[in-house]
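Reading through the structure tokens given below for one structure.
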Amino acid sequence: MQRILVIFFLIGLFVGCASPKAVPVKYTLDDSRKYVPINLNITSDKNHPNYDSQAVDYIYESLNRSNLFSRIRTSRNKYQYSLNINYSWENPMTLNAFAGAMISASTMLLIPTKNQEMHSIDVQILDGKEVIYSSIYNKLITTTFSMYHNVIEDRKNGINRILREFYEDIEVNKLIPRNSELNSSVNTVANEVSD
46 MQRILVIFFL IGLFVGCASP KAVPVKYTLD DSRKYVPINL NITSDKNHPN YDSQAVDYIY
106 ESLNRSNLFS RIRTSRNKYQ YSLNINYSWE NPMTLNAFAG AMISASTMLL IPTKNQEMHS
166 IDVQILDGKE VIYSSIYNKL ITTTFSMYHN VIEDRKNGIN RILREFYEDI EVNKLIPRNS
226 ELNSSVNTVA NEVSD
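Counted from 1, the sequence shown has number 203 at position 158 by my numbering; the numbering is strictly sequential.
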């Protein structure tokens, strides 16, 4: 009995008994450095409703917790800038991946199998109704098919990497103005009107 427990412990140790928990990236910014409020619309391709709903919820949570935007609104477009995100993923099942999944399934998931999934986030930024930026971010994410591993957390960690790349593009290309930029342009217009 002790040998069996030791074997289970070792398998759990090597397989990833504690899946890395996905934690949204949070930036520390004061209000003037945050981006202006945005409207947020997130959709998915609906091929895998359960997985997609968890990923879509996580994308919303990540954007909300990032602390980059002063406000995020998901219903009724109220703000000037909108962010449209379409999330999709596919699992190109190769012969090796299929064989590994069958072996893992036949051992009741005790023997782990690595799997590759392609995750995509199609992003559009709109200023009013005009599309000012459009891009597709792809990441190949490795997941583990195992009793001791949480595949959803692997996907969420992959989404974190994609969103970090997107955040960098927003900053480098100045796609969405910051509150301080908006306030300075309003002050400039007010000064011109008063003159």
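Where is the CB? At the ideal position from N, CA and C, for every residue including glycine.
Start and end residues, beta strand (DSSP E) containing residue i
{"i": "Tyr-178", "result": "175–190"}
{"i": "Ile-87", "result": "83–89"}
Coarse secondary structure for residue i, derived from DSSP in three states
{"i": "Tyr-80", "result": "strand"}
{"i": "Arg-200", "result": "helix"}
{"i": "Val-68", "result": "coil"}
{"i": "Arg-116", "result": "coil"}
Burial state of residue i, where buried means 16 or more other Cβ atoms lie within 10 Å
{"i": "Gly-203", "result": "buried"}
{"i": "Tyr-72", "result": "exposed"}
{"i": "Ser-149", "result": "buried"}
{"i": "Ser-151", "result": "exposed"}
{"i": "Glu-162", "result": "buried"}
Given residue i as reference, the closest of the options once Cα atoms are compared
{"i": "Asn-218", "options": "Leu-155, Ser-180 and Ala-146", "result": "Ser-180"}
{"i": "Glu-135", "options": "Tyr-105, Ser-77 and Arg-200", "result": "Arg-200"}
{"i": "Ile-207", "options": "Asp-90, Ser-133 and Met-147", "result": "Ser-133"}
{"i": "Ile-27", "options": "Asn-129, Leu-140, Lys-174 and Pro-137", "result": "Residue coverage of the chain in this structure runs from 46 to 240, which leaves residue 27 outside it and unanswerable."}
{"i": "Arg-110", "options": "Asp-90, Leu-74 and Asn-122", "result": "Leu-74"}
{"i": "Asn-183", "options": "Ser-127, Val-70, Glu-210 and Phe-143", "result": "Glu-210"}
{"i": "Ala-144", "options": "Ile-186, Phe-190 and Ser-89", "result": "Phe-190"}
{"i": "Tyr-193", "options": "Met-153, Ile-186 and Val-168", "result": "Met-153"}
{"i": "Leu-113", "options": "His-164, Lys-79, Leu-155 and Ser-225", "result": "Lys-79"}
With a floor of 4 residues, list each alpha helix (DSSP H) that falls wholly inside the segment 120–179, ordered by position along the chain. Entirely contained in the segment 120–179, the alpha helix (DSSP H) runs reaching 4 residues are, in chain order, 140–151.
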